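>
In full-length UniProt numbering, the protein residues as written are 1 to 305.
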């Protein structure tokens, strides 16, 4: 029996839940949100869909104890309305709210006896992933965030469009913070197997900025993002369940920097199976170090007990 949990049932958490139910990914799904009315409504809506689906998912509502035997827990709490698209704070608009949420839910997760893999979607992602690990005390291998998984997908999309091909034909990684200090490691990027340097007509600076601002382009029209980030969360959860040994960029703990930061890692049944250390350029290594230093500075000032 496959069992997941989702904490936070706003736009992102609800989309994660719907995707899991619609795909028949799980047999049981624990949904948790402190807004009881919202939680009940989301469960009712999913239950109403059940007779038209090819699979059946048992939904358990607002019961932390039910997480004890869950394989994966996805944390999607927060309030995206706190993000000001016109502010330099970016995703840090949710910083104060979400660090308080971490302190509220972490002891409940621990008390539940949860022994699975925790995947964080909360913003600012790297900071909150690090904070969740610190506050739960779970092994770092078992806690990771979506990080630059989505930013990398955006980069692939924009590079593919500029090169006249499908983004699926673009390989490479966005490193660093899921936020302003992220960067495309162009030394890792290729199109149909050809290094990006073989495409001199591409404006790499603009493509990097397009990827960085991708979320805000969506938010300008509908004031939140949900489909892409939920897809990333579900894909990572499935990689854990399948022990897929999936190589992808996530927010993982790197002992070199003493914090969580976006970089390629191998995802399997144990969570972070290993970090992938690529031969980055001197400038790329400097950018990664600076991004990690910023992330750590934002975690270290949070209450640690």
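Quick reminder that beta carbons are idealized off the backbone N, C-alpha and C, glycines included.
Keep in mind the model is a prediction, meaning the values are calculated, not measured.
DSSP on residue 120, reduced to helix/strand/coil?
In the structure shown, residue 120 sits in a strand (DSSP, three-state: E or B).
> Tell me the DSSP bridge mates of residue 264?
Bridge partners of residue 264: 249.
> Specify the secondary structure class of residue 224 as computed by DSSP and reduced to three states.
Three-state result, residue 224: coil.
> Between the beta-carbon of residue 166 and the beta-carbon of residue 172, is there less than 7 angstroms?
No, they are not a contact pair.
> Is it buried or exposed, residue 36, if we count other Cβ atoms within 10 angstroms and call 16 or more buried?
By the neighbour-count rule (16 or more Cβ atoms within 10 Å), residue 36 is not buried but exposed.
> Going by alpha carbons, who is nearest to residue 301 out of 38, 290, 2, 96?
Here the closest residue by C-alpha is 96.
> Quick one, are the C-beta atoms of residue 74 and residue 6 less than 7 angstroms apart?
Yes, they are a contact pair.
> Going by the CB atoms, is the gap between residue 121 and residue 146 shorter than 7 angstroms?
Yes, the pair counts as a contact, with Cβ atoms nearer than the cut-off.
> With hydrogens ignored, establish whether the beta-carbon of residue 28 is closer than 6 angstroms to any heavy atom of the ligand HEM.
With respect to small molecules bound, the structure shown includes none, and the ligand HEM cannot be examined in it.
> Between the Cα of residue 64 and the Cα atoms of 108, 272, 156, 100, which residue gives the shortest distance?
Answer by Cα proximity: 108.
> Is the number of C-beta pairs between the segment 275-287 and the segment 178-188 that are closer than 8 angstroms three or more?
In short, these stretches touch, since the Cβ pair count reaches three.
> What are the start and end residues of each continuous alpha helix (DSSP H) run of 4 or more residues lying completely inside the UniProt domain "Lactate/malate dehydrogenase N-terminal" (5-145), in chain order?
Listed in chain order, the complete alpha helix (DSSP H) runs (minimum 4 residues) inside the UniProt domain "Lactate/malate dehydrogenase N-terminal" (5-145) are 11-23, 36-49, 95-111, 125-136.
> For residue 291, tell me which candidate among 234, 175, 57 has the shortest Cα-Cα distance.
With distances taken between Cα atoms, residue 291 lies closest to 175.
> Considering residue 272, what are the terminal residues of the alpha helix (DSSP H) in which it resides?
First-last for residue 272: 271-275, but that is the beta strand (DSSP E), not the alpha helix (DSSP H).
> Since residue 170 sits in a beta bridge, which residues does DSSP pair it with?
Answer by DSSP bridge pairing, in chain order: 191.
> Rounded to the nearest angstrom, how far is the Cβ of residue 16 from that of residue 234, given a contact under 8 angstroms?
That belief holds up - the Cβ atoms of residue 16 and residue 234 are roughly 6 angstroms apart, short of 8 angstroms.
> Excluding the five sequence neighbours on either side, which residues of its own chain have a C-beta within less than 8 angstroms of the C-beta of residue 19, listed in chain order?
Closer than 8 angstroms at the Cβ level, and outside the excluded window around residue 19, lie 25, 230, 231, 234.
> Where does residue 209 land, buried or exposed, given buried means 16+ other C-beta within 10 angstroms?
Flag for residue 209 reads exposed.
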